[in-house]
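Novice:
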């Protein structure tokens, strides 16, 4: 734990949002329209922003709604869950405070928009502990784009080799690592199928944040 800048993913990493976000909202859109799909697609689309997922539904599944309508469906369904229900993962507040006390830069980089991220973190009284809370919407880049991690490194003024990404997504881990970041994979049950790949790819893996305390 001798790096200088830490970047926490939010969904499935800081916050236990993945199961209900996908089952109650994102996949439910397809279910309600009788669209057949494999839940394995989560590995491909989990690093995308919500508008990119909406476009994916149109391009791949041929749904008839405009991407903006699909996006609005996601926004309406998820707003209350983030604001009122999703909890932090075990050990998250303690690790954030520990890293801050050691003088590290501690940041969030989320695939979710600020309208979800900010209220959720503020409800749990950790928003102000972070040096920066970013969404991919701030960069107009996805978490599978190397440019995002290059930009994050520049933003905090720390070279990539001294940056750490903590994430549950194999796509984000692969991309961040290829950019020079040290990567820590954290277990998330909804993408458990890819856990062995995360373990073989990430520099380090944990089941929860208590392992880093």
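Residue numbers (our numbering): 37 to 249. Cβ coordinates follow ideal geometry from the N, Cα and C atoms, glycine included.
1) Enumerate in chain order the residues of its own chain whose CB-to-CB distance from residue 85 is below 7 Å, with the five nearest sequence positions on each side excluded.
2) Tell me whether the beta-carbon of residue 203 lies closer than 8 Å to the beta-carbon of residue 45.
3) Under 8 Å, do residue 79 and residue 185 count as touching if we go by C-beta distance?
4) Let me know the beta strand (DSSP E) ranges lying completely inside the segment 137–222, each 3 residues or longer, listed in chain order.
5) Tell me whether residue 212 is buried or exposed, calling it buried when 16 or more other Cβ atoms sit within 10 Å of its Cβ.
6) Helix, strand or coil, according to DSSP, for residue 83 in the structure here?
7) Note down the Cα distance separating residue 102 from residue 94, rounded to an integer number of angstroms.
8) Going by beta carbon distance, what residues of the same chain come within less than 8 Å of residue 123, once the five residues before and after it are set aside?
9) Can you find at least 3 beta carbon pairs, one from the segment 59–70 and one from the segment 105–115, that sit closer than 8 Å?
10) Going straight from the alpha carbon of residue 252 to that of residue 245, what length do you get?
11) Just the C-alpha distance for residue 138 and residue 42, rounded to the nearest angstrom, thanks.
12) Is DSSP giving residue 124 helix, strand or coil here?
13) My assumption, with CB atoms under 8 Å, is that residue 198 sits in contact with residue 39. Please give the rounded CB distance.
14) Would you kindly report the start and end of the unbroken beta strand (DSSP E) that includes residue 237?
15) For residue 166, which of 70, 91, 92 and 134 has the nearest alpha-carbon?
16) To test your reading of the DSSP string, which unbroken alpha helix (DSSP H) runs of 4 or more residues are found completely within the segment 42–115?
17) Measuring only the C-alpha atoms, how far is residue 226 from residue 130?
18) DSSP three-state call for residue 240: helix, strand or coil?
19) On a Cα-Cα basis, can you pick out the residue from 168, 188 and 221 that is closest to residue 236?
20) Could you tell me the alpha carbon to alpha carbon distance between residue 99 and residue 49, rounded to whole angstroms?
21) List the whole-angstrom C-beta distance separating residue 188 from residue 242, where the pair is believed to meet the contact cut-off of C-beta under 8 Å.
22) Are the Cβ atoms of residue 54 and residue 228 separated by less than 8 Å?
Specialist: Let me lay it out:
1) The sequence position of residue 85 within the chain shown is 49, counting from 1. Excluding positions up to five away in sequence, the list reads 147, 172, 173 and 178.
2) Translated into the one-based positions of the chain shown, residue 203 becomes position 167. Translated into the one-based positions of the chain shown, residue 45 becomes position 9. Cβ distance < 8 Å, so residue 203 and residue 45 count as in contact.
3) The residue given as residue 79 occupies position 43 in the chain shown. The residue given as residue 185 occupies position 149 in the chain shown. It is not a contact, given that the beta carbons lie outside the stated cut-off.
4) The qualifying runs are 141–146, 168–171, 199–203 and 218–222.
5) In the chain shown, counting from the first residue as 1, residue 212 sits at position 176. Residue burial is scored here from C-beta neighbours: residue 212 has at least 16 other C-beta atoms within 10 angstroms and is therefore classed as buried.
6) Reading the chain shown from its first residue, position 47 is the one you call residue 83. In this structure, residue 83 counts as coil in the three-state DSSP scheme.
7) Translated into the one-based positions of the chain shown, residue 102 becomes position 66. Translated into the one-based positions of the chain shown, residue 94 becomes position 58. When rounded, the distance between both Cα atoms is 8 Å.
8) Walking along the chain shown from the start, residue 123 turns up at place 87. The residues are 51, 52 and 160.
9) Using a Cβ-Cβ distance cut-off of 8 Å, the segment 59–70 and the segment 105–115 are in contact, since at least three pairs of beta carbons, one from each stretch, lie closer than that value.
10) Residue 252 falls outside the range modelled here, since the chain spans only 37 to 249, and no answer is possible.
11) The residue you call residue 138 lines up with position 102 of the chain shown. The residue you call residue 42 lines up with position 6 of the chain shown. Those two C-alpha atoms are separated by around 12 Å.
12) As a position in the chain shown, residue 124 is number 88, starting the count at 1. In the structure shown, residue 124 sits in a strand (DSSP, three-state: E or B).
13) By one-based count along the chain shown, residue 198 stands at place 162. By one-based count along the chain shown, residue 39 stands at place 3. Residue 39 and residue 198 do touch by the CB rule: their CB atoms are close to 5 Å apart, below 8 Å.
14) Against the chain shown, residue 237 aligns to sequence position 201. Unbroken run through residue 237 is the alpha helix (DSSP H), 231–237; no beta strand (DSSP E).
15) The residue labelled residue 166 in the question sits at position 130 within the chain shown. Residue 166 has its Cα closest to that of 134, out of 70, 91, 92 and 134.
16) Taking only runs of at least 4 residues, the alpha helix (DSSP H) segments lying wholly in the segment 42–115 are 54–57, 63–68, 78–81 and 86–97.
17) Translated into positions along the chain shown, residue 226 becomes position 190. Translated into positions along the chain shown, residue 130 becomes position 94. Each residue's alpha carbon lies about 24 Å from the other.
18) Here the question's residue 240 lines up with position 204 in the chain shown. In the three-state reduction of the DSSP assignment, residue 240 falls in the strand class, which pools E and B.
19) By one-based count along the chain shown, residue 236 stands at place 200. When only C-alpha atoms are compared, the closest one is 221.
20) Here residue 99 is taken as the residue at index 63 of the chain shown, counted from 1. Here residue 49 is taken as the residue at index 13 of the chain shown, counted from 1. Their Cα atoms are separated by approximately 30 Å.
21) Within the chain shown, residue 188 is the residue found at index 152, counting from 1. Within the chain shown, residue 242 is the residue found at index 206, counting from 1. Not a contact, Cβ separation roughly 21 Å.
22) Residue numbering aside, residue 54 sits at position 18 when the chain shown is read from its first letter. Residue numbering aside, residue 228 sits at position 192 when the chain shown is read from its first letter. Going by C-beta atoms, residue 54 is not nearer than 8 Å to residue 228.
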